[in-house]
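Counting in our numbering, the sequence shown runs from 107 upward without gaps.
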Amino acid sequence: MLAALFFGGAFDGIQIMDVLIIAVIAFVLFKLFARKSAQPSYAGHPRVDTEPAPHAEPQARTNTQGFQSGFNWGGQGAETETVELPSWFNERAFLDGAKGHFGQLQLAWSQNDLPTIESYCSTELYQALETERAKLGDAVLDNDLVSVLAELIGYREKDQQAQISVLFSGWMREGAGAQTTEFREVWHLTRDLSEEGADWFIVGIEQA
């Protein structure tokens, strides 16, 4: 139709109706292409569940090589909420430190360094991780943390407790010569606000 208009002499002595016809045609074409481009494509992309079932029981680790427990805490998963932080909280410094601690705990898990793991975790979480690490024996795991990113996805205060959720994502190589695998997991931490300078403790870890 456009070709007929351009090359058939339709623009000789163009009138207002010609302009309206072209506008209608352009609008119809735009809607057709917009509808086609809006269709999602999931080819080659794995499905990621971002909303784990509430009140889920602790699950066995899905990855026996990395420091991942698969425990649900609060049913939050990787769903990002609007995060309002108190004035005393330095988000950038916290996330920079979190990435460093993530690497230290991965190393401690690989080397079966239980005292280091215990110093970071609540009593309940440590007992669960200790049980799971025992299933691997005393062997040192040949794991290599290739890269890690940290994102703050939740913060709240309740009963003089600060509760924070951090999404860690990146790549890890499990074994010499192995291919890198992607990981995404959420760590939940708490801090006692009634005690000045209190440490943060990990109280839950879940797959994102």
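Just so it is clear, CB atoms sit at the ideal spot from N, CA and C, and this is done for glycine as well. Model, not experiment: these values are computed from the prediction.
Given a cut-off of 9 angstroms, decide if residue j and residue i are closer than it, judged by their beta-carbon atoms.
| i | j | result |
| --- | --- | --- |
| residue 288 | residue 192 | no |
| residue 222 | residue 210 | yes |
| residue 291 | residue 259 | no |
Please state the DSSP three-state secondary structure of residue i.
| i | result |
| --- | --- |
| residue 181 | Residue placement at residue 181 is poorly supported in this model, since its pLDDT is 43, which falls under 50; the coordinates are not used for a value here. |
| residue 295 | strand |
| residue 313 | strand |
| residue 286 | strand |
| residue 221 | helix |
| residue 154 | No answer about residue 154 holds up, because its pLDDT of 26 lies below 50 and its placement is not dependable. |
| residue 303 | coil |
Over what stretch of residues does the alpha helix (DSSP H) that includes residue i continue unbroken?
| i | result |
| --- | --- |
| residue 212 | 197-216 |
Span of the beta strand (DSSP E) holding residue i?
| i | result |
| --- | --- |
| residue 280 | 267-280 |
| residue 242 | First-last for residue 242: undefined, no H or E at that position. |
| residue 257 | 249-264 |
Quick check on residue i - is its C-beta less than 9 angstroms from some C-beta in chain C?
| i | result |
| --- | --- |
| residue 217 | In the structure shown, chain C does not exist; there is a single protein chain. |
### Contact between the stretch 240-251 and the stretch 274-294 (3+ Cβ pairs under 8 angstroms)
yes
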